[in-house]
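Presented below is the structure to which this report refers.
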Amino acid sequence: MKHFINLKDIPAKDLRKILISAKSRKKRRNNLSNLEIDKDSPLKGKLLIQMFEKSSLRTRLSFYLAIKQLGGSTLTLRPDELHLSKGGESIEDTAKILSNFGNIFMLRTNSDKKLEEFKKYLSIPIINGLSPSAHPTQVLSDVFTVEEIKKKPISKLNIVWIGDCNNVLNSLITASIKFSFKLNIGCPKNYNPNKEMLEYIKINKNKILIFNDAKKAAKDADVIFSDKVISMNDKVNKLKKLNHFKKFKINDNLMRYAKKDCIFLHCLPRGKEVDEKIFLSKKSKVWQQAINRIHVQKSILLYSLDKLR
Ligand code: CP
Ligand code: NVA
């Protein structure tokens, strides 16, 4: 079995294998409707247990459909209904029960430490469905979407992030190292990536550049990514932060610095970091991006359960 907690821990060749499998599975489904099961039904009899300590729409729905399409089933736990959240049961005992009842566990959490604690006691794989430091399933799926739309390996494209240096960007930085693509980051001066990520960026300093000017970052972009300025775990003065990001809005003016066929991606939900006109334009591929979560997560489930062919 293999855990899927951070892209950093997963060999590049395995990440590529996951994308190849997702592409061929997506193609093979043709016009099957969402609840129809893939012919080979590779996860028949398997149970995915998922738990969300924070809100989720896309991750919840896409994991639900992913395991269904693979022939398995899912159960979503509410943390407020577990003894664990009230201090009445340890992570160790909870993990042992999860391991005896289910086959794989997906957790969206407020604490990176909790993922590690669960990992220690689980005898089934754990998938990180978003934590304060990373959103690996999202970003792996985003690499898939970029290559699907651009019909090129991502290593041949200029990828740009305009916005907050958050969990999604951390995973994008990791992906840029794993998949060897150029990444420009555009963010305000006092909002650069954290120390740990800066260290990580150093390894690849020719490919990852940080600009405190959105226009410079956006120059010649093939893809511009953004995300909410205020994330779920952000404990900041929101108005002040939003104000600092005023010049980092994705609008027509900024898109002019990118290539003509540049696309816009956003993991969603959105805030005010993107102009309505761009968000609803043909350049915006956010709905395709969201649906692809199903396809890539299917292959992540297979990978974690050692069933990737
Ligand atoms: N992009 C994403 O993870 O969406 P949800 O928070 O709705 O799951
Ligand atoms: N950065 C955002 C992503 C939401 C999918 C957050 O953590 O809230």
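Those letters in the sequence shown? Residues 0 to 308, per numbering that gives the first Met the number 0, in order. Each residue gets a CB set at the ideal place from its N, CA and C atoms; glycine is no exception.
Looking only at its own chain, which residues have a Cβ that is under 7 Å from the Cβ of I153, when we skip the five neighbours before and after it? Position 154 of the sequence shown, counted from the start, is the residue given in the question as residue 153. Closer than 7 Å at the Cβ level, and outside the excluded window around I153, lie V142, V145, E146, F178, F180.
* Asked: By Cβ distance, which residues of its chain are closer than 6 Å to Q288, with the 5 residues on each side in sequence left out?
  -> Taking the sequence shown and counting its residues from 1, the one referred to as residue 288 is at position 289. T144, L264.
- prompt: Are the stretch 211-225 and the stretch 241-249 touching, with three or more C-beta to C-beta distances below 8 Å?
  reply: The count of Cβ pairs closer than 8 Å, one atom from the stretch 211-225 and one from the stretch 241-249, reaches three, so the stretches are in contact.
Separation of L76 from K1, as counted between CA atoms: As a working note, residue 1 is residue 2 in the sequence shown. As a working note, residue 76 is residue 77 in the sequence shown. Going by the C-alpha atoms only, they are around 22 Å apart.
Problem set entry | 4 or more residues per run - each alpha helix (DSSP H) lying fully within the stretch 61-105 | 90-100
Practice item. To the nearest angstrom, report how far apart N102 and F117 are at their CA atoms. Key: Reading the sequence shown from its first residue, position 103 is the one you call residue 102. Reading the sequence shown from its first residue, position 118 is the one you call residue 117. Answer to the nearest angstrom: the Cα atoms are 14 Å apart.
Separation of L139 from K16, as counted between CA atoms: For this step, residue 16 is matched to residue 17 along the sequence shown. For this step, residue 139 is matched to residue 140 along the sequence shown. Straight-line Cα distance between these residues: approximately 11 Å.
Checklist entry - Got a sec: does the ligand CP put a non-hydrogen atom nearer than 7 Å to the Cβ of Q68? => result Walking along the sequence shown from the start, residue 68 turns up at place 69. Result no, Cβ not under 7 Å from the ligand CP.
task = List the endpoints of the continuous beta strand (DSSP E) containing V159.
result = In the sequence shown, the residue the question calls residue 159 occupies position 160. V159 -> beta strand (DSSP E) spans 157-161.
- [ ] Would you mind reading off the limits of the alpha helix (DSSP H) that contains F117?
- [x] Mapped onto the sequence shown, residue 117 falls at position 118. Run containing F117: 111-120, per the alpha helix (DSSP H) assignment.
**Prompt:** Which first and last residues belong to the beta strand (DSSP E) in which H265 is found?
**Reply:** Position 266 of the sequence shown, counting from 1, holds the residue named residue 265. Segment 262-265, the beta strand (DSSP E) holding H265.
Between the CA atoms of L97 and L34 - distance to the nearest angstrom: In the sequence shown, the residue the question calls residue 34 occupies position 35. In the sequence shown, the residue the question calls residue 97 occupies position 98. Distance between L34 and L97, taken at the CA atoms: about 25 Å.
Unbroken beta strand (DSSP E) run spanning S310, endpoints
This structure leaves residue 310 out entirely; the chain is present only between 0 and 308.
Got a sec: does the ligand CP put a non-hydrogen atom nearer than 7 Å to the Cβ of S132? Mapped onto the sequence shown, residue 132 falls at position 133. No, Cβ of S132 sits at least 7 Å from all heavy atoms of the ligand CP.
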